[in-house]
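One structure is given here, and the rest of the page talks about it.
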Ligand code: TMP
């Protein structure tokens, strides 16, 4: 099973993926936690280009192409081989992020993104957990984290976008969830990490 975690900045995906992976391992289920961008050696290099605040601009379509390049390599090198071995794959972001960030928030045509993704054979995940949070709260959490960890420069390109941008991202994720209720489950991301994880655990128990 291929499960993706999505949400705006600061929604707590990374922590919840780590907890989910530990929980599944405890249950004796073989699983792999990975992420986009940056799930392969090539992807780690792309991540620096995509998330750094290095003073250069990137055209919205260039962003799409780089995220798809990262995803294609990730699928071929990591995701598909793991699924073929029967391993449960948990990915911190995937295709819905391109739909929400580059499609809805940057304004690239969603139909064109789908066309190109189809040419590349980008498969849909089996299940998606959407960690939902108000944009103000998520952005505040993410900016504080970047300041405390000293990653504002190397990882802060999207956190530097304004509230309207992040509000569009959140709205797009919620629309995707309404369009694909069989695949995407909305999990409120407010509350303590324990409270959020107990909501996720319920879903994992149902699916696996
Ligand atoms: P994160 O791994 O810390 O969540 O950062 C990844 C950033 O990249 C986040 O701001 C969202 C952005 N992103 C896109 O814009 N499009 C994509 O397809 C993906 C995977 C991520």
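Numbering (this note's numbering), first residue to last: 20 to 227.
Built from N, CA and C at the ideal position, the CB exists for glycine as well.
Remember, predicted model here, so these are calculated numbers, not experimental data.
Query - Beta-carbon separation (whole angstroms), residue 132 vs residue 83, contact threshold 8 Å - result: Their Cβ separation, rounded to whole angstroms, is 6 Å, which keeps residue 132 and residue 83 in contact under 8 Å.
Query raised in the report: Who are the Cβ neighbours of residue 159 in its own chain at under 8 Å, not counting the five residues just before and after it?
Result: Excluding sequence neighbours, residue 159 sits near 29.
Query raised in the report: Among all the DSSP beta bridges, which residues are the ones paired with residue 146?
Result: Partner(s): 22.
Query - Other residues of its chain near residue 141: CB distance less than 8 Å, five sequence neighbours each side excluded - result: Excluding sequence positions up to five before and after residue 141, its CB lies within less than 8 Å of the CB of 87, 90, 91, 94 and 114, all in the same chain and listed in chain order.
Query raised in the report: Can we count residue 223 as close to ligand 2, meaning its CB is less than 7 Å from some heavy atom?
Result: With respect to ligand 2, the structure shown offers nothing to examine, as its ligands consist of ligand 1.
Report task. State yes or no: is the C-beta of residue 21 nearer than 7 Å to some heavy atom of ligand 1? Result -> Because no heavy atom of ligand 1 lies under 7 Å away, the Cβ of residue 21 does not count as near it: no.
Query - Heavy atoms of ligand 1 versus C-beta positions, residues under 6 Å - result: Going along the chain, the residues that qualify are 28, 54, 55, 56, 70, 86, 111, 112, 116, 117, 120, 121 and 177.
Query - Straight-line gap, residue 180 to residue 70 (C-alpha atoms, nearest Å) - result: Between the alpha carbons of residue 180 and residue 70 lies a distance of about 12 Å.
**Report entry** Segments assigned alpha helix (DSSP H), at least 4 residues, entirely inside the stretch 129-201
**Finding:** DSSP runs (the alpha helix (DSSP H)) wholly in the stretch 129-201: 129-139, 154-168, 171-174 and 182-198.
Requested in this report: For the alpha helix (DSSP H) containing residue 90, list its first residue and its last residue.
Outcome: Here the alpha helix (DSSP H) through residue 90 covers 79-93.
Query - Span of the beta strand (DSSP E) around residue 207 - result: Its beta strand (DSSP E) spans residues 203-207.
Requested in this report: Go to residue 220, then tell me how far its alpha helix (DSSP H) extends in each direction, as first and last residue.
Outcome: In this chain, the alpha helix (DSSP H) harbouring residue 220 covers 212-226.
Report task. Please state whether DSSP places residue 97 in a helix, a strand or coil. Result -> Three-state result, residue 97: helix.
Requested in this report: Kindly indicate which three-state DSSP category residue 104 falls into: helix, strand or coil?
Outcome: Under the three-state reduction of DSSP output, residue 104 falls in the coil class, being neither helix nor strand.
Requested in this report: Excluding the 5 residues preceding and the 5 following residue 174 in the sequence, name in chain order all residues of the same chain whose CB lies nearer than 6 Å to its CB.
Outcome: If we look at residue 174 and ignore the five residues flanking it on each side, its Cβ neighbours are 70.
Report task. Pull up the DSSP beta-bridge partners for residue 110, would you. Result -> BP columns for residue 110 point to 23 and 53.
Requested in this report: Give the range of the alpha helix (DSSP H) segment to which residue 121 is assigned.
Outcome: Membership of residue 121 in any alpha helix (DSSP H) is not indicated, and neither H nor E is assigned to it by DSSP.
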